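Position in the sequence shown counted from 1, then plus 38, gives you the working numbering. Even for Gly, the Cβ is constructed at its ideal location relative to N, Cα and C. From a predicted model like this one, the values you see are computed outputs, not experimental measurements.
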Amino acid sequence: MSAALKDYWLLWRMALSTRHPRASAIVLGLTALGTLLVGALAQMKEGDLALTAGLMLRVALGGLMGGWMLYFVPGAVKLNSPFTARLVPRLRRRLIALTMLVWLTAVGAATLMSLDTRLSSALVFLGTGTWLAAYGLGQSGHRVGAWVQFAAWMLIVFNKSLPPGLIDQVKGGTGLVVATLLMLAFGAFALQAMYMNGGERHYAAREAQKLQIERLTADGQFKERKQNNVAASIYARALRRDCEARDVGSLLGHLLGSSSHWLNRAIALAVVVGLVALVVFGFRLFGSAETNEMITAIGWLFALPLLLMPLFGSELRNVRLKDTAAEQALIRLVPPMPAGAPDFNRKLAATLLRASLLEWGILAGAVLGLGAMTGASAANLFMQACLCCLALPLVAANLRDHARRSGLLGWRLLCGFALSLGISFGLAVAAQRAIGLPVTAGAALVSIAIAIALVVHGFRRAETAPYAFPAGRLA
């Protein structure tokens, strides 16, 4: 192997060494799940085995390639520190060349996979290249990267609102050449921002890069961000009030920290929902007739991703309690706290359940409210309500034995949620064939039953478990 190939192989492994400890399992698992879902839907809709196999192959290759590239880019940017950029110039040149090679491979593969499909190969070529360059630019800490990614999604959603004939001009001829040159120029700008050549500007940019790259702990969990002054003042007022009231349940709510406290979580969710509502209202008021028709038809679907927030919220609470277990044991010194393990664990479980239910209720209300704002029909609103119930088993995710330490919290949570969805839809399909109950309604009822069973099991486990925060040495 030549020296250049050895350098490239070394840099590839170094860039991927900063990934999540279970990155391979995550990428393979999500890719397999996506491939099976797409294949099942395609087979039910088209009934063509060859078409389904080709589509599944494209999804599998795209998922694997995309997953590994999304892990490679942050690690590669992190390698180009101001010191190595000047002291080891060959490293910077190799990083630029390797990134270009990965970018070309991804763009070429995406273009080839779009052949013989309904997608335009030219648009896939331009879209993939521009989005990947914007992703790298965003990982370098440059705000333009996030703006371009947002603009790309808006173009995909509202492509029918573009001037007529513009897309046809970009698909071929001079328009394609000009668009390709602009994409390459943007890619060169992104490379320059990702791999600076030292200097004061490079040192200043590293501070912005840390916010994008160094969000994971050594265990692969997301770090907690610094809270703004407004949220901190609101939390301080709530903490002062709860300390004066000496209520056990309210005091236990502060175990999760300021950013995960139910009050700040509710405010953050209200702000997000308010911004989305303003955007929807703006489109309804100033958008074209085609845009409003599309919002009415499928706009309610865009609110459904909000239901994934309980998944991340449950993981955040579990990680928070796990990482701060030693200092959380100090709360046992608070006079109102129960002395016995069953009473304390029961109070803690009730507090965590209340926080999870509040978060789910706010998100479910937001989904239904946004659906109503988009003009969704009564049938679609009923379907939304049923889909909201599918996330109910997540409210029991924090009802566990907190005295035990586990490094697979997120993985178990994801697999458990997937298993809950599988059981819900499996029994719902059986109920539809037996008594004619709609699938979404049946799945919602099964999810509610699963949630109740998990909550009851969680409380019983909490009563028999050791003290949630055993005394230990502070780190």
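Helix, strand or coil: how does DSSP classify residue i here?
i	result
Tyr-241	helix
Thr-153	Rather than Thr, the amino acid found at residue 153 in this sequence is Leu. In the structure shown, Leu-153 sits in coil (DSSP, three-state: anything other than H, G, I, E or B).
Ala-500	helix
Val-76	helix
Met-221	helix
Ala-379	helix
Leu-428	coil
Met-234	coil
Lys-44	helix
Arg-438	coil
Asn-118	coil
Pro-127	helix
Pro-476	coil
Ala-414	coil
Asp-86	coil
Gly-351	helix
Ser-55	coil
Asp-257	Since pLDDT at Asp-257 reaches only 46, below the 50 mark, its modelled position is unreliable, and no value is offered.
His-495	helix
Ser-178	coil
Ala-506	coil
Ser-159	helix
Lys-209	coil
Taking only the alpha-carbon atoms, compute the straight-line gap between residue i and residue j and give it to the nearest angstrom.
i	j	result
Ile-488	Gly-211	57 Å
Gln-230	Thr-218	18 Å
Leu-25	Tyr-241	The chain is shown only over 39 to 513; residue 25 falls outside these bounds and no answer can be derived.
Leu-289	Gly-454	30 Å
Gly-77	Gly-67	15 Å
Asp-206	Leu-108	31 Å
Ile-486	Leu-170	40 Å
Ala-506	Met-347	25 Å
Met-411	Ala-226	42 Å
Leu-117	Leu-129	9 Å
Ala-504	Phe-188	Sequence check: residue 504 is Pro here, not Ala. If I take the Cα positions, the gap works out to 48 Å.
Cys-379	Asp-439	For the sequence presented, residue 379 should be read as Ala rather than Cys. If you take the alpha carbons of Ala-379 and Asp-439, they lie about 11 Å apart.
Arg-432	Ile-490	At residue 432 the sequence reads Leu, which differs from the Arg that was named. The straight-line gap from Cα to Cα measures roughly 11 Å.
Val-405	Ala-42	53 Å
Arg-384	Leu-492	15 Å
Ala-70	Arg-355	28 Å
Taking 8 Å as the limit between beta carbons, can you name the residues of its chain near residue i, skipping five residues before and five after?
i	result
Gly-104	Ala-144
Ser-159	Thr-149, Ser-152 and Leu-153
Val-208	Ala-160, Leu-161, Leu-164, Leu-214 and Ala-217
Leu-93	Val-76, Gly-77 and Ala-80
Leu-54	Ala-61, Trp-106, Tyr-109, Phe-110 and Gly-113
Ala-315	Gly-407, Leu-408 and Met-411
Using a Cβ-Cβ cutoff of less than 6 Å, which residues in the same chain neighbour residue i once the five nearest sequence positions on both sides are dropped?
i	result
Gly-183	Ala-172, Leu-175 and Gly-176
Phe-463	Ala-481
Leu-222	none
Phe-224	Ala-171
Ala-402	Cys-426
With a threshold of 8 Å (Cβ to nearest heavy atom), would residue i be considered close to the ligand NAD?
i	result
Ala-393	Ligands are entirely absent from the displayed structure, and the ligand NAD is therefore not among its contents.
Please list, in chain order, all residues of the same chain as residue i whose beta carbon is under 7 Å from its beta carbon, the five residues on each side excluded.
i	result
Arg-132	Asp-45, Tyr-46 and Leu-49
Leu-459	Leu-428
Ala-387	Leu-437, Gly-496, Phe-497 and Ala-500
Does the beta-carbon distance from residue i to residue j come in below 9 Å?
i	j	result
Met-151	Gly-100	yes
Leu-102	Val-140	no
Ser-352	Leu-451	yes
Val-97	Gly-72	yes
Leu-437	Leu-390	yes
Ala-123	Met-192	no
Met-232	Val-115	yes
His-180	Ala-228	yes
Pro-120	Arg-278	no
Leu-395	Gly-409	no
Gln-422	Ala-414	yes
Ile-400	Ala-472	no
Ala-479	Ala-466	yes
Ala-190	Thr-168	yes
Cys-424	Trp-398	no
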